[in-house]
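Quick note, the working numbering runs 134 ahead of the 1-based positions in the sequence shown. Backbone N, C-alpha and C define an ideal beta-carbon position, used for all residues, glycine too.
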Amino acid sequence: CRHFEHKLLLFGDDKLVKRITLDDLSESEKNFAFRDCVRILLSKESSGRAIYLVNAANLELFDWMGVLRYCWYIIMATMEENEQIQRRGIVQVLNMFGKWKLSATDM
Numbered sequence: 135c136r137h138f139e140h141k142l143l144l145f146g147d148d149k150l151v152k153r154i155t156l157d158d159l160s161e162s163e164k165n166f167a168f169r170d171c172v173r174i175l176l177s178k179e180s181s182g183r184a185i186y187l188v189n190a191a192n193l194e195l196f197d198w199m200g201v202l203r204y205c206w207y208i209i210m211a212t213m214e215e216n217e218q219i220q221r222r223g224i225v226q227v228l229n230m231f232g233k234w235k236l237s238a239t240d241m
């Protein structure tokens, strides 16, 4: 199952069958919450699906894996809490407009 392949890549063997919590994220990964760059909007789209907004353009993306781990946590935590989202799904909106701040290895 691709779900577990992605989870293995992001979190490793020891967390493969474990529920991912905030405690599983590093301090730098938790800081994405304060930057308000990744969130589930309160409103739904016309089919009732949740809207997952990623405002990537204004991030300092020095740790892509950290961003992905935080995004994984947000999606899984939201789906776990909301049965309607589990049934209807999530729509992702990615904002790429703005000044990019990439690490030297990404240039």
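A straight-line Cα-Cα distance of about 15 Å links residue 161 and residue 154. Fully contained in the segment 143-201 are the following beta strand (DSSP E) runs of length 3 or more, in chain order: 172-178 and 184-189. Beta-carbon to beta-carbon, residue 228 and residue 201 are separated by about 12 Å, too far to satisfy the 8 Å threshold. Looking at the DSSP output, residue 226 shares a beta bridge with 186. Our two residues, residue 147 and residue 139, have alpha carbons roughly 10 Å apart in a direct line. Of 205, 212 and 167, the smallest CA-CA separation from residue 223 is found for 212.
Here residue 158 has 145 and 149 as same chain residues with Cβ atoms under 7 Å from its own Cβ, once five neighbours each way along the sequence are excluded.
Here DSSP, grouped into helix, strand and coil, assigns residue 231 to coil.
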